[in-house]
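Counting from 12, one number per residue, gives the positions in the sequence shown under the numbering used here. We put the CB at the ideal spot given by N, CA and C, even for glycine. The model shown is predicted, which means the values in this text are computed figures rather than measured ones.
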Amino acid sequence: MLDSPGSYDPLRGPRRAQGANPYDFRQTEKFTADQNRFLNKLSVSFAENVVTQMAPLLQVRFNMELLRFQLRAYSNYLNNLPDPSPMLVFRLDGESQAFLDFDFDLTFAIFEKLMGGRGLPPREDARGYLTDLERAILRRPLSRILAAYGAAWKEFKPVEPQWESLELNPNAVYLYPPGETMVVSAFQVDLGQTKGIVNAVVPFRYLKASIPKSSYDEFVLTKSGTNLGAGGTNPMASVTPIFATKIGGAKVPVSMALGRAELLFRDLLTIEVGDTIRLDTEIREPLRIKVNGRTKFRGFPGVKEGKLAARVSQVLEEGDEEYDE
C-alpha cells in the first residue's frame with residue numbers, strides 16, 4: 012500500500028503528512044520471486060529469534076510476527092516517522108548501515124516491564140522522550156533484538172551487526188541520500204496488553220547483494236541434502252525439489268555382505284562352534300554394499316573412529332549383473 016498525503020501509514024499509525032514525498036513509480040529496483048522468499052525466510056527467522064530472546068527476559072507473553080515488507084525511498088520513510096521514534100542504528104558490514112525503529116509506546120512498555128511493572132504503554136499526558144538512564148537500561152533488551160537479527164542471517168552469510176546509537180529524532184539520522192531505496196520489514200509485536208510495530212530498515216542494495224543467487228528450492232535442497240555423488244554432485248539434484256525435501260531426511264539401512272557359500276543340508280546340521288565356512292569372495296575382491304537389502308555399491312571394509320566402516324569403490328548402475336541382488 013502506497014502513502015498518500017494526509018493518510019495513515021499502514022505500517023505504523025499516524026504519521027506527519029506535511030512534507031511527505033510522493034512515491035517514485037520510476038524506481039526499477041525490485042526483488043525476484045525467489046529473493047522475496049529468501050527475504051521472507053530471513054524476516055520470519057528474525058521474529059522467531061526475538062521471541063526466544065525477549066520472552067524469558069521480560070517474563071511476559073511476547074509475540075512478534077511479520078506483517079509485510081516493502082520498498083521505500085529513505086527520505087520518504089523518515090519524513091513519515093513520528094517524533095519521537097526510538098531508532099536503533101547499527102552497522103552491518105563495511106559501509107552498510109541500517110536501523111530498527113520502534114513504536115514509542117512499545118519501547119516504553121519494555122522499559123516499564125524491566126522496572127517491575129506490567130508492561131503498559133505510557134499515559135497520554137506522559138512525556139515523549141527517554142532520559143539517559145532509561146536509554147542505558149533499554150540497551151540490554153535492544154541489544155538482544157539486534158543479536159537476533161544477526162542470528163537470522165546465519166543460513167545465508169555471517170553477519171554481526173554492531174550497535175552505533177539509539178536515536179529519538181528521525182531528522183537527526185542521516186545514513187543515506189534521500190533517494191536511496193530501503194527495504195522496510197514491518198513486524199507486529201504483542202507484549203502483554205501492549206501492541207506495537209517494529210520496522211527493520213535495510214538498504215536494498217545490501218540485501219540484493221547478500222541474498223543467495225540460487226533459486227530458493229535449490230538452496231533448501233542444498234541445506235537438507237547429502238553430498239553423496241561422485242565429484243561433489245548431489246544425487247538428489249534431479250529429484251523434484253518439494254519431494255526431495257520430504258524424503259531427504261529419511262533413514263535407510265545399509266549393510267555390507269562378506270560373501271556367500273553353498274552347503275549340503277547334512278553339513279549344515281553338523282556345524283559346531285569353531286568350524287570354518289569358506290565364502291566365495293576373494294581376499295582382495297570388493298564386497299557388496301546393500302541399501303535396504305539390495306546391492307547398490309561395491310567397496311572394501313575398514314575401520315573409522317573405532318567402528319567398522321565401508322569405503323565405496325564402485326557405484327553399480329541399473330543393468331549391472333549384481334545390481335539389486
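Can you check DSSP and say which residues form a bridge with residue i?
{"i": "Gly-313", "result": "Ala-320"}
{"i": "Lys-301", "result": "Ser-266 and Thr-306"}
{"i": "Arg-79", "result": "Ala-197"}
{"i": "Met-65", "result": "According to DSSP, which records beta bridges pairwise, Met-65 is partnered with nothing at all."}
{"i": "Ala-211", "result": "Leu-111 and Ser-196"}
{"i": "Val-326", "result": "Phe-308"}
{"i": "Phe-73", "result": "Leu-202"}
{"i": "Ser-54", "result": "The partner list for Ser-54 (beta bridge, DSSP) is empty, contrary to what the question assumes."}
{"i": "Ser-176", "result": "Val-100"}
{"i": "Ala-84", "result": "Thr-192"}
List the whole-angstrom C-beta distance separating residue i from residue j, where the pair is believed to meet the contact cut-off of C-beta under 8 angstroms.
{"i": "Tyr-227", "j": "Arg-48", "result": "4 angstroms"}
{"i": "Leu-298", "j": "Arg-309", "result": "7 angstroms"}
{"i": "Pro-264", "j": "Asn-303", "result": "6 angstroms"}
{"i": "Ser-86", "j": "Pro-189", "result": "3 angstroms"}
{"i": "Leu-68", "j": "Gly-130", "result": "The pair is not a contact, with the Cβ atoms about 12 angstroms apart (cut-off 8 angstroms)."}
{"i": "Ile-148", "j": "Phe-113", "result": "Not a contact, Cβ separation roughly 15 angstroms."}
{"i": "Leu-125", "j": "Pro-93", "result": "Contact doesn't hold; Cβ gap of about 23 angstroms is too wide."}
{"i": "Gly-207", "j": "Val-71", "result": "About 14 angstroms separates the two Cβ atoms, so there is no contact after all."}
Using only CA atoms, which one of the options lies nearest to residue i?
{"i": "Ser-176", "options": "Ala-58, Pro-188 and Arg-150", "result": "Arg-150"}
{"i": "Met-267", "options": "Glu-273, Lys-224 and Val-323", "result": "Val-323"}
{"i": "Phe-73", "options": "Leu-89, Gln-199 and Glu-40", "result": "Gln-199"}
{"i": "Leu-144", "options": "Gly-105, Phe-119 and Glu-166", "result": "Phe-119"}
{"i": "Ser-6", "options": "Thr-287, Asn-90 and Phe-115", "result": "Past the boundaries of the shown model lies residue 6; the chain is included only from 12 to 336, so the question cannot be answered."}
{"i": "Val-170", "options": "Asn-91, Arg-79, Lys-301 and Ala-109", "result": "Ala-109"}
{"i": "Leu-89", "options": "Ser-56, Leu-319, Val-195 and Lys-301", "result": "Val-195"}
{"i": "Thr-233", "options": "Leu-153, Phe-167 and Asn-180", "result": "Phe-167"}
{"i": "Glu-106", "options": "Glu-283, Leu-186, Val-284 and Gly-190", "result": "Leu-186"}
{"i": "Phe-57", "options": "Gln-70, Glu-76 and Pro-67", "result": "Glu-76"}
{"i": "Leu-111", "options": "Leu-78, Leu-99, Leu-117 and Leu-319", "result": "Leu-99"}
{"i": "Glu-296", "options": "Lys-165, Val-284, Thr-287 and Pro-312", "result": "Pro-312"}
{"i": "Tyr-140", "options": "Phe-276, Leu-179 and Phe-80", "result": "Leu-179"}
{"i": "Gly-128", "options": "Asp-94, Asp-45, Asp-104 and Thr-205", "result": "Thr-205"}
{"i": "Ala-84", "options": "Val-213, Leu-279 and Glu-283", "result": "Val-213"}
{"i": "Arg-79", "options": "Trp-174, Ala-197, Val-55 and Pro-172", "result": "Ala-197"}
{"i": "Asp-273", "options": "Asp-45, Ala-220, Leu-290 and Val-184", "result": "This sequence places Glu at residue 273; Asp is not what is there. The option with the nearest alpha carbon to Glu-273 is Leu-290."}
{"i": "Phe-42", "options": "Tyr-217, Ala-183 and Ile-288", "result": "Tyr-217"}
{"i": "Asp-45", "options": "Ala-220, Thr-142, Ala-183 and Ser-225", "result": "Ser-225"}
{"i": "Val-62", "options": "Lys-318, Thr-142, Arg-277 and Leu-157", "result": "Leu-157"}
By Cβ distance, which residues of its chain are closer than 7 angstroms to residue i, with the 5 residues on each side in sequence left out?
{"i": "Glu-40", "result": "Leu-82, Thr-192 and Phe-215"}
{"i": "Ala-162", "result": "Asn-60"}
{"i": "Gln-173", "result": "Phe-101 and Arg-102"}
{"i": "Ser-221", "result": "Phe-167 and Lys-168"}
{"i": "Asp-349", "result": "Limits of the chain in this structure are 12 at one end and 336 at the other, which puts residue 349 out of reach."}
{"i": "Val-55", "result": "Leu-77"}
{"i": "Val-314", "result": "Ala-320"}
Got a sec? Which residues, its chain only, sit under 6 angstroms from residue i by beta carbon, not counting five neighbours each side?
{"i": "Asp-201", "result": "Asn-74"}
{"i": "Thr-292", "result": "Gly-270"}
{"i": "Gln-64", "result": "Arg-155 and Ala-159"}
{"i": "Ile-300", "result": "Met-267, Phe-308, Gly-310 and Ala-321"}
{"i": "Gln-325", "result": "Arg-309"}
{"i": "Ser-249", "result": "Since pLDDT at Ser-249 reaches only 48, below the 50 mark, its modelled position is unreliable, and the value read off the structure follows with that caveat. Cβ neighbours of Ser-249 beyond the five flanking positions: none."}
{"i": "Leu-53", "result": "Ala-163"}
{"i": "Ala-66", "result": "Phe-73"}
{"i": "Ile-288", "result": "Ala-272"}
{"i": "Arg-146", "result": "Leu-177"}
{"i": "Asp-104", "result": "none"}
Skipping 5 residues on each side, what residues in its chain have a beta carbon closer than 8 angstroms to that of residue i?
{"i": "Pro-223", "result": "Phe-49, Phe-167 and Phe-230"}
{"i": "Phe-36", "result": "Low local confidence applies: a pLDDT of 48 at Phe-36 is under 50, so the model's placement there is unreliable, and no value is given."}
{"i": "Ile-294", "result": "none"}
Does the beta carbon of residue i sit closer than 8 angstroms to a beta carbon anywhere in chain D?
{"i": "Asp-116", "result": "The structure shown contains no chain D; it is built from a single protein chain."}
Could I get the ranges of all uninterrupted alpha helix (DSSP H) runs contained in the stretch 101-168, with 4 residues as the minimum, in chain order?
115-125 and 143-163
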